[in-house]
């Protein structure tokens with residue numbers, strides 16, 4: 003009888019632990035931390051820095067079940083050289099804050115959000131954007147499109163559209179590729195030194211991600227970017243008009 007009671011207690015404890023694990027696994031709140039080391043800082047066709055940068059970030063997501071999810075993220079850039087000089091701010095020179103809402107409607111993923119760009123070291127003030135994005139999840143290729151409106155500094159629109167594809171080549175290894183094309187209205191194109199609306203940038207990238215554990219992954223990325231507008235290329239507002247760049251990244255989810 004004592005042996006039976008002992009086994010019953012063990013079973014109850016094991017069941018309680020299992021249920022606790024299941025409850026933890028089913029938690030609607032998740033977090034992720036990222037650390038990217040790249041040979042350059044490239045953003046929407048603009049080569050902000052053509053020398054090494056470190057870009058750490060953190061995000062949180064709250065699942066709303068069938069009603070989608072809410073997200074909050076922080077992202078930053080640190081120059082690892084004095085390429086931009088002290089006046090423009092070496093070291094930590096950008097921190098961005100994002101609030102978002104995402105939902106899947108069948109094979110279509112939709113997202114809307116707000117981004118606040120801040121530049122704590124350099125005297126560039128800040129700016130704010132709202133955005134909408136959509137992608138169609140297909141086993142062949144995933145088309146995506148986004149529309150952004152800077153309602154603070156430029157009061158201009160930027161749009162981006164492209165295609166992406168991923169291949170699970172092994173249990174833990176995923177390879178991917180993507181291409182995209184960006185365009186801006188006359189106000190937004192001021193970022194690249196011109197005041198005419200038109201195509202802004204073209205991008206192509208290949209990448210790999212390896213799941214070290216269930217919660218940690220490491221990866222690498224190789225990308226090419228080209229600034230398309232001829233007036234912007236002549237104005238040379240940034241370090242390069244065409245650039246091959248890349249780097250490595252680490253992500254931890256919990």
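Residue numbers (my numbering): 3 to 256. Each residue gets a CB set at the ideal place from its N, CA and C atoms; glycine is no exception. All values reported here derive from a predicted model rather than from experimental measurement.
By the Cβ rule, the segment 213 to 227 does not count as touching the segment 54 to 63, because fewer than three pairs are nearer than 8 Å. For residue 223, the enclosing beta strand (DSSP E) has its first and last residue at 218 to 229. Beta-bridge analysis with DSSP links residue 176 to 170, 211. Here residue 201 is bridged, per DSSP, to 185. Linking residue 134 to residue 105 through their CA atoms gives a straight-line distance of about 12 Å. Cβ contact annotation for residue 230 (same chain, cutoff 8 Å, sequence separation greater than five): 47, 200, 201, 202, 203, 204, in chain order.
By the neighbour-count criterion, in which 16 or more other beta carbons inside 10 Å mark a residue as buried, residue 127 falls on the exposed side. Residue 131 carries a strand assignment under DSSP once its states are collapsed to helix, strand and coil. DSSP, read as helix, strand or coil, puts residue 98 in strand.
Straight-line spacing of the CA atoms in residue 247 and residue 43 works out to 9 Å.
Where residue 114 is concerned, there is no enclosing alpha helix (DSSP H), although the beta strand (DSSP E) around it starts and stops at 110 to 120.
Contact between the segment 132 to 149 and the segment 160 to 172 is present: three or more C-beta pairs spanning the two stretches fall below 8 Å. With fewer than 16 other Cβ atoms from the protein chains shown falling within 10 Å of its own Cβ, residue 250 counts as exposed. Rounded to the nearest whole angstrom, the CA to CA distance from residue 95 to residue 55 is 11 Å. Within 10 angstroms of the beta-carbon of residue 158 lie 16 or more other beta-carbons, which makes it buried. The beta-carbon separation of residue 111 and residue 75, rounded to 17 Å, does not stay under the 8 Å limit for a contact.
Burial is judged here by how many other beta carbons sit within 10 angstroms of a residue's own beta carbon; residue 141 has fewer than 16 and is exposed. Sixteen is the threshold: since fewer than 16 other Cβ atoms of the shown chains lie within 10 Å of the Cβ of residue 214, the residue is exposed. For residue 62, the enclosing beta strand (DSSP E) stretches over residues 55 to 65.
In the structure shown, residue 68 adopts helical secondary structure according to DSSP, grouped into three states.
By alpha-carbon distance to residue 237, the top candidate from 193, 217, 218, 216 is 193.
Apart from sequence neighbours up to five positions away, the residues of its chain that approach residue 234 with a beta-carbon distance below 6 Å are 194, 195, 196, ordered along the chain.
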